[in-house]
Structures are given as C-alpha cells and as structure tokens.
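K.L.:
Residue numbers are given in the numbering used here: position 46 of the sequence shown equals residue 58, and the series is strictly consecutive. Shown below is the structure under consideration.
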Amino acid sequence: MKRAIQQRARWATGAVVAAAFLLGSSPASADGSAYVLSDVQCDANHNGVRDDIERHIASTYADAGQRAAMMQFAAAQQAVILQGTTPEGAAQATEDLLQSLACLRERVGANYVNASRDVLAMMLNTEDRFRAYAVAKTNQEGQLYYAYQGSQPCV
13 MKRAIQQRAR WATGAVVAAA FLLGSSPASA DGSAYVLSDV QCDANHNGVR DDIERHIAST
73 YADAGQRAAM MQFAAAQQAV ILQGTTPEGA AQATEDLLQS LACLRERVGA NYVNASRDVL
133 AMMLNTEDRF RAYAVAKTNQ EGQLYYAYQG SQPCV
C-alpha cells in the first residue's frame, strides 16, 4: 500500500513538472520564489473554498453528504496550494488532503477519483494557480505520506 501511494505521488509530481515544462518555465517565479496568489482568495464566506468552486459543488452534488465531502476536499486542496510554498507547509496541508480523500471515497464511492480530478481542474484554471500548485507538488517531493487511518475521515 505504501508503495502504491509513493508511485501515485511520483506520477502526479511528474505530470506537474511536465505541464510546467509545456508552459515554458519552471514552477517557481523568475527570482526563484514561490508564486503568491492574490486572486485565489475569492472566498466571500471565508470557508476555504473559492466561490466559483463552491457554486459548482452545490449545483453538482444534491446529496448533502457528498456535497460536504467535496467541500472538505476543495478546502484541503486549496490549503495545499496556499500552504505548499514550503516543504513543511505542503506536508501539513497534505495530511488534511489525504483525510478529505478518504471522506470522498466513503461518501462518493468508486467515482471519487474522477470527482476530485474535476474539481482540481477547476481550481487550476489560471496559469498562476497552476504554478502555485506545481510549487506545492514540488515541495511534497521526497516526503512519505500514509493513507488516512482514522475512523471518521469526514469532518
């Protein structure tokens, strides 16, 4: 199981690096610092999820449990993007992300991977957001993450 998680992490990191290459530059800004996102905070109710993502989730998931699980995932993924500017921040935020994925798996079922990818794609809809995500993924490299082991993944 640990090996599978490591392989998935390597694949995701490779995909981010390849996409950054296709964009024509590295994931970090020209001076080597991480990208700072000013527009990522379009969150009027301050729940950690951008308003456009929240509207999409509300209109897509009629079931309250599934909607709550997807909101937990979106908030955790947003935290990875915002806090992933350092390896420590990326590691801390990734723990919550793994818990949110366990919640999604529990509430959404077999389609949880595709559902999470759809929301992530919406979250990375600008070059700056994608670059910030790439920085976070780079800062996750070399760290071990274990699947959520608790009994109540949904918060």
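Using N, Cα and C, we set each Cβ at its ideal position, and we do this for glycine too. These figures come from a predicted structure and were not determined experimentally.
In this structure, how does DSSP classify D55 when only helix, strand and coil are distinguished?
P.N.:
If DSSP states are grouped into helix, strand and coil, D55 belongs with coil.
K.L.:
DSSP state of Y160, grouped into three classes?
P.N.:
Three-state DSSP puts Y160 in coil, outside helix and strand.
K.L.:
Does the region 74-88 come within contact of the region 108-128, defined as at least 3 CB pairs closer than 8 Å?
P.N.:
Taking 8 Å as the limit for Cβ pairs, the verdict is that the region 108-128 does touch the region 74-88.
K.L.:
Is the number of C-beta pairs between the region 91-107 and the region 147-163 that are closer than 8 Å three or more?
P.N.:
Yes, they touch.
K.L.:
In whole angstroms, give me the CA-to-CA distance for G162 and Y73.
P.N.:
C-alpha separation (whole angstroms): 25 Å.
K.L.:
For A70 and G154, I'd like the C-alpha separation in whole angstroms.
P.N.:
Looking at the two C-alpha atoms, the distance is approximately 36 Å.
K.L.:
Could you give the first and the last residue of the continuous alpha helix (DSSP H) run that contains G121?
P.N.:
Per DSSP, G121 belongs to no alpha helix (DSSP H) and is neither H nor E.
K.L.:
Going by C-alpha to C-alpha distance, which of L156, E118, A91, Y157 sits closest to R141?
P.N.:
If we check each option's Cα against that of R141, A91 comes out closest.
K.L.:
Give the straight-line distance between the Cα atoms of Y124 and R79, rounded to the nearest whole angstrom.
P.N.:
When rounded, the distance between both Cα atoms is 12 Å.
K.L.:
For the region 72-160, list the alpha helix (DSSP H) runs that are entirely contained and at least 4 residues long, ordered along the chain.
P.N.:
Qualifying alpha helix (DSSP H) stretches, in chain order: 76-95, 99-120, 124-135, 139-152.
K.L.:
Would you kindly work out how many angstroms separate the C-alpha atoms of G60 and Y157, rounded to a whole number?
P.N.:
Distance between the alpha carbons of G60 and Y157: 23 Å.
K.L.:
Just to confirm, is the Cβ distance from L132 to A81 under 7 Å?
P.N.:
Going by C-beta atoms, L132 is not nearer than 7 Å to A81.
K.L.:
Just mark E66 as buried or exposed, buried being the case when its beta carbon has 16 or more other beta carbons within 10 Å.
P.N.:
By the 10 Å Cβ count, E66 comes out buried.
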